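Report on the structure given below.
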Amino acid sequence: MLEARNLSFSVGPTQLINSISFRAAAGEFTVIVGPNGAGKSTLLRCLSGELTPTGGNIVMHGKDLKHYQPQELAVHRAVLSQSSQLSFPFKVHEIAMLGVKASQLALSKEEANQRIAKALSQVGLQGYEHRYYQSLSGGEQQRTHMARVLCQIWQPVTQHGPACLLLDEPTASLDLRYQISLLDLAKSYARKGGCVVAVLHELDLVKAYADQVYMLKQGELFKAGDPHAALHQDVLMDGFELDQRMLNLKWGTQMLEPRAH
Amino acid sequence: MQSKLAVCVLICVLGGAIVTSIAIGPGQVNILQALDIILNATKQKIGLLAPSESAAISTAHIIIMEIRLPRILLAGVVGSMLAVAGAMMQGLFRNPLADPGLIGVSSGSAMFAVLAIVLGPMLTAHWPADLQILVLPLSAFVGGLATTFLLYKIATRQGQTSIATMLLAGIALAALTSAVTGTMLFYSTDEQMRDITYWTMGSLSGATWLKLAIVTPVLLVMVLSLHKLAFGLNAFVLGEAEAYYLGVNTQRLKYSIMILVSVSVGVAVSVSGIIGFVGIVVPHVLRLAVGADHRTLLPFSALLGAIVLMSADTLARTLVAPAELPIGIITALIGAPVFLSILLNRRTLLDL
Chain H
1 MLEARNLSFS VGPTQLINSI SFRAAAGEFT VIVGPNGAGK STLLRCLSGE LTPTGGNIVM
61 HGKDLKHYQP QELAVHRAVL SQSSQLSFPF KVHEIAMLGV KASQLALSKE EANQRIAKAL
121 SQVGLQGYEH RYYQSLSGGE QQRTHMARVL CQIWQPVTQH GPACLLLDEP TASLDLRYQI
181 SLLDLAKSYA RKGGCVVAVL HELDLVKAYA DQVYMLKQGE LFKAGDPHAA LHQDVLMDGF
241 ELDQRMLNLK WGTQMLEPRA H
Chain G
1001 MQSKLAVCVL ICVLGGAIVT SIAIGPGQVN ILQALDIILN ATKQKIGLLA PSESAAISTA
1061 HIIIMEIRLP RILLAGVVGS MLAVAGAMMQ GLFRNPLADP GLIGVSSGSA MFAVLAIVLG
1121 PMLTAHWPAD LQILVLPLSA FVGGLATTFL LYKIATRQGQ TSIATMLLAG IALAALTSAV
1181 TGTMLFYSTD EQMRDITYWT MGSLSGATWL KLAIVTPVLL VMVLSLHKLA FGLNAFVLGE
1241 AEAYYLGVNT QRLKYSIMIL VSVSVGVAVS VSGIIGFVGI VVPHVLRLAV GADHRTLLPF
1301 SALLGAIVLM SADTLARTLV APAELPIGII TALIGAPVFL SILLNRRTLL DL
């Protein structure tokens, strides 16, 4: 379980997050939504331990996040961030291997290779081990990172407690099919006892997948609750400052409504 | 599999380079004689053979044991350090063209070395000759370290070092140090100017066993730390934030690499002057040959760096014998075309 209490983060005089309380339970898919600049990514970066909050605290497995060493933290939580550019040509296998190493498990070479192969097949990249990352499409690159992240926290539940999977706009560069298959993967990770937190923009996908939704607006918590309550029309109109025409346009062009299993 | 083969090849080539370098040069010592001299000297050192009478020491013995061998070994050690330092800098700065110059160690060393050459004779005129010899290398070492430390302080705020600030501040500091260097050139005599020019092009001609004994432990510490740093540098390929997510203590990594690079390049520069291109070309060639994984790249850089500088030094002292070329000319002559051809041939893969 990952819990933030009265979390604030500011850079100089600018308050990016203001006293947000947040709770992501094990076994649930928790989604953060909100307009641009609401502080969604900042919240996720605080939850990952990368940013140290300027107020409040974050607790994972009953221990304050700032008391974790980076190496220890990497065993319990993994982060899939928005597209990252590599500085040197790496093969898909080498990238996934970073996840295996970060898991701190003493796997034999065969076991590591098997795990990587399995993770790659889960994201639809079986047989891509020796392809260069730079030669892949944007969506394939994103899925490579998803495979790496899975290798890092392979078991949704360990003897220390549930593992945390943090996803920052994971579907941004994916086509419809892989948006759904990636969220299926995340959802099943949660169902096996993991703790999954994602920043998402596609509200139709949020509706289909989220167990719990946190809507942020201007650095503050605007609404929290199950998708039905948090994505209610009135909430959306206020939260995103929409008018009726925009809302009709959005839901009017809805092509399909994915159903989570 | 590929990397095991590469290790064997590199070790064989290194052995070959050592043996050929020992055999080549003025003085008419053939390879068998040379190996015999080294074997005997080693046996004497470890007590297997009684020390020979001092009168019996031949010219060949002096050439091999006092001049050529320490020089070749020093070239190997310096080459290793420069190549590994280059690979580390490129990993840390996430740029294939990064070199130790970026953290100010070269420009700082150069400034202090020039100060020592121009002002040294005035300030240390009454010192014993033994101490005077040490002024230049010591100044170069201290200057390199001091500049790196200053740059690190400038770029660090609230315990976090910004790589981008370091890069930009490094450019400013390099401009500043070159202004000082230029001023010193203005006030220098013709002879001093010649010394400065030679120093900035590098040379291993002053190699002694003492220098080797100072430099080698630094290389050993560096090599022993490679294994620990490799994972961090691999994670850095994805970016600094990603490296943190993967469990790397990024601040400690930056700190360790800055210390290793500034100390190793500092001692390398102080014994051999400024030698360019080894730190860029060697890791680059290896990335293309065996891949960018730092677990293999770093140790292979140590091997290939030694081979390259040893061969370059052999060329430097034989091409225009009995005179000598500055080794920087050789490394630039070999390095620049290799570098350009790599860029042109593999541009798409490197994503430049």
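So the sequence lines, in the order shown, correspond to chains H and G. The end of the first sequence is residue 261 by the numbering used here, with every number in the run present. The end of the second sequence is residue 1352 by the numbering used here, with every number in the run present. Cβ coordinates follow ideal geometry from the N, Cα and C atoms, glycine included. These figures come from a predicted structure and were not determined experimentally.
Taking the C-alpha atoms as reference points, what is the distance between Glu202/H and Leu174/H? 12 Å
> Quick one: Cα of His61/H to Cα of Leu166/H, how far?
Replying inline: 15 Å
- Got a sec? Which residues, its chain only, sit under 6 Å from Pro162/H by beta carbon, not counting five neighbours each side? Ala26, Gly193, Gly194 and Cys195
Using only the alpha-carbon positions, how far apart do Trp1127/G and Met1088/G sit? 39 Å
_Can you find the residues in the same chain that come closer than 8 Å, C-beta to C-beta, to Val1354/G, ignoring five residues on each side of it along the sequence?_
Residue 1354/G lies beyond the residue range present for chain G, which begins at 1001 and ends at 1352; the question has no answer from this structure.
Quick one: list the residues of chain H neighbouring Arg1287/G, beta-carbon separation under 8 Å, in chain order. Phe88 and Pro89
Could you check if Asn1234/G is buried or exposed, using at least 16 other CB atoms within 10 Å of its CB as the buried criterion?
buried
| query | Residues of chain H with CB under 9 Å from Ala1241/G, in chain order? | reply | Arg45, Ser48, Glu50, Val79, Ser81 and Ser84
Note to self: Can you confirm whether Gln71/H, when its beta carbon is compared against all beta carbons of chain G, has any partner nearer than 8 Å?
What the structure shows: yes
Count the other CB atoms within 10 Å of the CB of Ala1332/G; is the residue buried (16 or more) or exposed (fewer)? buried
*Closer than 8 Å, CB to CB, is Leu98/H near chain G or not?*
yes
Boundaries of the beta strand (DSSP E) in which Lys217/H is found, first to last residue: Gln212 to Lys217
Next item on the list: Check the Cβ-Cβ distances between Leu1246/G and every residue of chain H, and say whether any is below 8 Å.
Entry: yes
Can you find the residues in the same chain that come closer than 7 Å, C-beta to C-beta, to Arg1317/G, ignoring five residues on each side of it along the sequence?
Gly1025 and Glu1324
Exercise. Per DSSP, which residues does Pro162/H bridge with? Please list them.
Key: Val157/H
Exercise. Please report how far the alpha carbon of Ala208/H lies from the alpha carbon of Tyr1245/G, in whole angstroms.
Key: 28 Å
For the alpha helix (DSSP H) that Thr144/H lies in, which residues bound it at each end?
Gly138 to Gln152
Query raised in the report: Comparing the C-beta of Lys101/H with each C-beta of chain G, is any distance below 8 Å?
Result: yes
- [ ] Measure the C-alpha to C-alpha separation of Tyr128/H and Val92/H and round it to an integer number of angstroms.
- [x] 7 Å
Under 8 Å between C-beta atoms of Ile1214/G and Val1267/G:
yes
For Thr1161/G, which residues does DSSP report across the bridge?
Thr1156/G
Distance cutoff 8 Å, beta carbons only. Does Val1237/G sit that close to anything in chain H? yes
*Which residues bound the alpha helix (DSSP H) around Met1081/G?*
Leu1069 to Phe1093
- Task: Grab me the residues of Val1290/G's own chain with a C-beta within less than 8 Å of its C-beta, minus the 5 sequence neighbours each way, in chain order.
- Result: Gln1002, Ser1003, Ala1006, Thr1296, Leu1297 and Phe1300
In the DSSP assignment, what are the bridge partners of Thr14/H? Val11/H
Check Thr1208/G in the structure and name its three-state DSSP category. coil
| query | With a Cβ-Cβ cutoff of 8 Å, do Leu1309/G and Val1278/G count as a contact? | reply | yes
Of all Cβ atoms in chain H, is any one closer than 8 Å to the Cβ of Ala1055/G? Low confidence applies here, because Ala1055/G scores a pLDDT of 47, under 50, leaving its location unreliable and the question unanswered by this model.
Could you work out which residue in Gly1170/G, Leu1069/G and Ala1075/G is closest to Tyr1152/G when comparing CA atoms only? Gly1170/G
message = Please classify Phe1093/G as buried or exposed, where buried requires at least 16 neighbouring CB atoms within 10 angstroms.
response = buried
Straight-line Cα distance separating Ala1164/G from Thr1216/G: 32 Å
Subject >> Beta-carbon separation (whole angstroms), Met215/H vs Val235/H, contact threshold 8 Å >> reply: 7 Å
- request: Please say whether Pro156/H and Gly1247/G have beta carbons closer to each other than 8 Å?
  value: no
| Euclidean distance between Cα positions of Lys217/H and Asp226/H | 17 Å
- Specify, as a first and last residue, the run of the alpha helix (DSSP H) that Phe1300/G falls within. His1294 to Thr1318
Taking the alpha carbon of Ala1174/G as the reference point, which residue from Met1193/G, Leu1150/G and Pro1137/G has its own alpha carbon closest?
Leu1150/G
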